[in-house]
Amino acid sequence: MKWLKTFFILTLSAYKAFGGNLTLPDAKMVTIKVEGNKIFTKECKAPSNCFDFPKELKFYSYQSPLFSLCYQSGGTPKFVKIDGKKHKIEFCFKNNKGVDLETLMKAYKAYK
Numbered sequence: 036m037k038w039l040k041t042f043f044i045l046t047l048s049a050y051k052a053f054g055g056n057l058t059l060p061d062a063k064m065v066t067i068k069v070e071g072n073k074i075f076t077k078e079c080k081a082p083s084n085c086f087d088f089p090k091e092l093k094f095y096s097y098q099s100p101l102f103s104l105c106y107q108s109g110g111t112p113k114f115v116k117i118d119g120k121k122h123k124i125e126f127c128f129k130n131n132k133g134v135d136l137e138t139l140m141k142a143y144k145a146y147k
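The numbering of the sequence shown is our numbering, which starts it at 36 and goes up by one.
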């Protein structure tokens, strides 16, 4: 999945577009921003301001570690589609704020 995120970032950068829209499964639209290799909603540039990170992260054999972090941080993971692109990316939402799951994990590691 990391290659897919990199592909989206490079594609958006190539078109000099550092933002766009995500289409959620319920057909709702969310505006996003792209900075470097981070994809986030405008309110969630710093994931630690949007999510309550757990003191101890628990992993489950039936669940992606990134999804586990999202759930345990009070969010809901979703596969979302960037408008104009064919593939979906993993995103974590809480109160209509969100960030891609890789950025969430990096912020959690920095938090610990």
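Where is the CB? At the ideal position from N, CA and C, for every residue including glycine.
Just so you know, these numbers come straight off a predicted model, no measurement behind them.
>> So if DSSP puts D70 in a beta bridge, which residue, or which two residues, is it bridged to?
In response: The sequence given here has Glu at residue 70, not Asp. For E70, which the question treats as bridged, DSSP gives the partners K73.
> What does M140 pair with, by DSSP beta-bridge criteria?
Replying inline: Partner(s): none; M140 has no beta bridge.
>> In the DSSP output, which residue or residues are listed as bridge partners for K90?
In response: In the DSSP assignment, no residue is bridged to K90.
> Is the beta carbon of K77 less than 7 Å from the beta carbon of K68?
Replying inline: Going by beta carbons, K77 and K68 fall inside the 7 Å limit.
>> Which of the three DSSP states is assigned to P82 in this structure?
In response: In the structure shown, the three-state DSSP call for P82 is helix.
> Sorted by chain position, which residues of the same chain lie with C-beta nearer than 8 Å to D135's C-beta, five sequence neighbours on each side aside?
Replying inline: Only residues of its own chain outside the window of five on either side were considered, and among them K40, K73, I74, F75, I124, E125, F126, C127 have a CB closer than 8 Å to the CB of D135, listed in chain order.
>> Using a Cβ-Cβ cutoff of less than 6 Å, which residues in the same chain neighbour K141 once the five nearest sequence positions on both sides are dropped?
In response: Excluding sequence neighbours, K141 sits near nothing in its chain.
>> With DSSP as the reference, identify every bridge partner of F128, one or two as the case may be.
In response: DSSP lists T111, G133 as the bridge partner or partners of F128.
>> Helix, strand or coil for A52? Go by DSSP, reduced to three states.
In response: Residue placement at A52 is flagged as unreliable, the pLDDT there being 43, under the threshold of 50; a coordinate-derived value is accordingly withheld.
> Whose C-alpha, out of Y143, A145, T138, is nearest the C-alpha of G71?
Replying inline: Ranking Y143, A145, T138 by Cα distance to G71 puts T138 first.
> Can you check whether the CB of F102 is closer than 7 Å to the CB of P112?
Replying inline: Yes, these two residues count as a Cβ contact at 7 Å.
>> Do Y146 and L104 have their beta-carbon atoms positioned less than 7 Å apart in this structure?
In response: Cβ atoms of L104 and Y146: not closer than 7 Å.
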